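All you need for the working numbering is the position in the sequence shown, starting with 1, plus 179.
Here the structure comes first, spelled out in structure tokens, and everything after it is commentary.
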Amino acid sequence: MRGLRDVPRAVWLLAAGNFVNMAVSVTFAYLFLYLTGPRGLDPGQAGILAGAGGVGLLAGNLTGGWFGDRFGHRPALLASAVTGGLLLAAVPLLPTPALYAALPLAQYAAGAQRAASSALVAVIVPEGARRQAFAVTRAAANGGFTVGPLLGALVATRLSYDWLYVADGLGSVALACWTARVVPARRDPAHGGAAQGAPRGEARGGKARRGEARGGEVRGGEALWPALRARPAVLVLLGAIVVVDVVYRQQYTTFPVYLADHGLDTGVYGSLLAVNGGVLLCLELPAALALRRRSPLPVVGAGLLLVAAGYGALLTGVGVVTAVAMMTLLTLGELLYKTTATAYVADRAPGHAMGRFQSLYAGASITGVVLAAPLGGALYGAAPDLLWPLCTAAAAAAGCAVLAGGRLEGGRVRGKAEAETAATAEEAAAALAGPRGAAAPSAPAAPAAPATPAGPAVPDVSPGPAAPTPPGVPTAPAVPGAGRRRAPLV
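Encoded structure:
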């Protein structure tokens, strides 16, 4: 657990808040039951409303990072958490037609909060420690989600579904208050200091990349596409994650139907989900620590290939053993690729676009929430025997693409390192040559023999090279803050 020492205290505190918040954020799991039960909607109407919420969640993930780049990731998280929380807490008081606006807006805020949270962790953790930091936050979230549905079932059956929305909303507001406390927004505008809670390396120009600012404002309006085009491996990764997420989330859509069609009841499916949660809780953080020094894209590619192997296991037949093997492989793939990919995108993001890079990854990583059910359901209904072969092939192709992207990036990184080495050598040579426009100081010449004066001596007032500073005489201090770059707003 030595690598956990690199995780700042603020991340541990944020993880604690995420655990509590996830323990009460279970309304999505009971949304369909709530809409078809107390609200009296038919399944078609409930499906439309649930789908609209999924679109809002995806949109929030894709666009939420812009707010962080423009206004700061901490304010973006606080605003989105409070907005979404108040909307959810008000759901029991709203008439049913108003839910068509309130639920998508609440989901949009939840998506923006997710992107802002990832970006906030990225800017307060130095590069090299982000994998374990994201593993800590994911472990806390998974732990909260493990107990959340059980508590939600007790609340829904003993009290009512309305209390689920009240608890979910108040949990989001409480998370905002907790974040405001553990990550104070304090900067030294004169020196561009990092916010409190950031690691010392970031405040002193350490390993963490810092975005440039002008006049204390993050340059959130700069174009995103040039930054992505300069990082082709990131583009490959994002595309692969879109494909794999649609495949991965078949475990929540068509897979339980497949089990039921082959005589395996809901109890078996619930036990498989418990396998997923247990493996993640036990192994995700140790795996992140053990692999933190490994090149990230090969780790991500291996994880995607394990997802492919999981669905490939279903090609061997149907049974409890096969289903357990499938879920185990799928979970091992998840714990390899999700944490590592999140940290990789943060490490590759330029400082002025950290939030938007995290938004792109967050959106790609939940694409399956919107696409998995309609695509998988349509294929399973038309040709059920093709679903698992196609899932296996798609995930395997995504994994191979990421591995190829890793080799591409390796060449670019070597070229960049060579260019940076040459630039450093040029800067060192320029420093030795002295200030620009002035001759380099040389050893003082021997005094010339005195000449017989022909008349009054005229002093020489023409400018000459600056005399070297004698040993032991202190030089003038540098101007405070000169040459420093500002840290991104937190």
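Ideal Cβ positions, reconstructed from N, Cα and C, are used throughout, including at glycine.
All of these numbers come straight from a predicted model, not from anything done at the bench.
Between which residues of its own chain and residue i is the CB-CB distance below 8 Å, once the five residues before and five after are set aside?
i, result
"LEU349", "VAL203, GLY264 and ALA268"
"ALA260", "ALA288, GLN292, SER351, VAL352, LEU354, ALA355 and THR358"
"ALA229", "LEU210, PHE211 and LEU214"
"LEU338", "none"
"ALA541", "ASN240, LEU241, GLY243, GLY244, GLY290, ARG293, ALA294 and SER297"
Under the rule that 16 or more other beta-carbon atoms within 10 Å means buried, what is residue i, buried or exposed?
i, result
"ILE420", "buried"
"TYR279", "exposed"
"TRP404", "exposed"
"ILE227", "exposed"
"THR358", "buried"
"CYS210", "The displayed chain sequence assigns Leu, not Cys, to residue 210. Buried, since its Cβ has 16 or more Cβ neighbours within 10 Å."
"LEU333", "exposed"
"ALA543", "buried"
"GLY449", "exposed"
"ALA467", "buried"
"THR275", "exposed"
"THR495", "exposed"
"THR518", "buried"
"ALA402", "exposed"
"GLY223", "exposed"
"ARG527", "buried"
"LEU272", "exposed"
"PRO435", "buried"
Taking the alpha-carbon of residue i as reference, which of the options has the nearest alpha-carbon?
i, options, result
"PHE324", "LEU284, ARG535, GLY457 and HIS252", "GLY457"
"ASP248", "HIS531, SER538 and ALA551", "HIS531"
"VAL361", "ASP526, VAL415, THR495 and ARG253", "ARG253"
"VAL315", "LEU494, VAL478 and LEU459", "LEU459"
"THR262", "PRO435, ASP347 and ALA439", "ASP347"
"TYR437", "LEU343, VAL499 and GLY290", "VAL499"
"LEU529", "PRO568, THR510 and ALA409", "Before going on, a small fix: residue 529 reads as Pro here, not Leu. Here the closest residue by C-alpha is ALA409."
"THR525", "PHE250, THR510, ASP185 and SER296", "Residue 525 is actually Ala in this sequence, not Thr. If we check each option's Cα against that of ALA525, SER296 comes out closest."
"ARG188", "PHE207, VAL304 and LEU266", "VAL304"
Where do the ends of the alpha helix (DSSP H) carrying residue i lie?
i, result
"ALA308", "Per DSSP, ALA308 belongs to no alpha helix (DSSP H) and is neither H nor E."
"ALA280", "278–303"
"LEU508", "499–527"
"ILE420", "411–427"
"VAL270", "Run containing VAL270: none; DSSP gives neither H nor E here."
"GLN430", "Looking at the DSSP string, GLN430 is not in any alpha helix (DSSP H), and its letter there is neither H nor E."
"SER538", "533–543"
"LEU554", "546–561"
"ASP248", "222–250"
"SER450", "445–469"
Given residue i, which residues of its chain have a CB within under 7 Å of its CB, disregarding the five upstream and five downstream residues?
i, result
"GLY578", "GLY480, LEU483, LEU484 and ALA487"
"LEU554", "VAL425"
"ALA492", "THR501, ALA504, MET505 and LEU508"
"SER433", "Correcting the residue identity first, residue 433 is Thr in this sequence and not Ser. Result list for THR433: GLY555, GLY556, TYR559 and LEU566, in chain order."
"GLN429", "ALA551, GLY555 and CYS570"
"ASP639", "Note that ASP639 scores a pLDDT of 46, beneath 50, so its modelled location is shaky and nothing firm can be said."
What residues in its chain sit with their C-beta under 6 Å from that of residue i, if we drop five residues either side in the sequence?
i, result
"ALA320", "ASN197 and MET201"
"ARG383", "Per-residue confidence for ARG383 stands at a pLDDT of 36, beneath the threshold of 50, marking its modelled position as unreliable; the derived number appears in the next sentence. Here the set comprises nothing."
"GLY512", "GLY482, LEU485 and VAL486"
"GLY235", "PRO283, GLN286 and TYR287"
"LEU161", "There is no way to answer for residue 161, as the model of the chain reaches only from 180 to 669."
"PRO217", "TYR340"
"VAL415", "ALA580 and GLY584"
"ASP185", "ALA308"
"ALA195", "none"
"VAL548", "GLY233"
"VAL345", "ALA268"
Do you know offhand how far residue i's Cα is from residue j's?
i, j, result
"LEU329", "ALA406", "44 Å"
"GLY239", "LEU214", "23 Å"
"VAL237", "TYR490", "For clarity, residue 237 is Leu in the given sequence; the question names Val instead. Their Cα atoms are separated by approximately 25 Å."
"ARG471", "VAL300", "17 Å"
"SER538", "GLY232", "18 Å"
"ALA298", "GLY534", "5 Å"
"VAL562", "ALA552", "Before going on, a small fix: residue 562 reads as Ala here, not Val. Their backbone Cα atoms lie some 15 Å apart in a straight line."
"ASN455", "ARG586", "31 Å"
"VAL497", "ALA277", "44 Å"
"CYS461", "ALA469", "13 Å"
"VAL205", "ASP341", "12 Å"
"THR445", "LEU220", "25 Å"
"GLN311", "GLY327", "24 Å"
"ALA281", "ALA294", "20 Å"
"GLY290", "ALA575", "28 Å"
"PRO363", "PHE536", "23 Å"
"TYR431", "PRO477", "27 Å"
"VAL190", "ALA308", "11 Å"
"THR546", "THR521", "15 Å"
"VAL423", "LEU514", "14 Å"
"LEU183", "LEU257", "26 Å"
For residue i, is the beta carbon positioned less than 6 Å from some heavy atom of the ligand NAP?
i, result
"ILE420", "The ligand NAP is absent from the structure shown, which contains no ligands of any kind."
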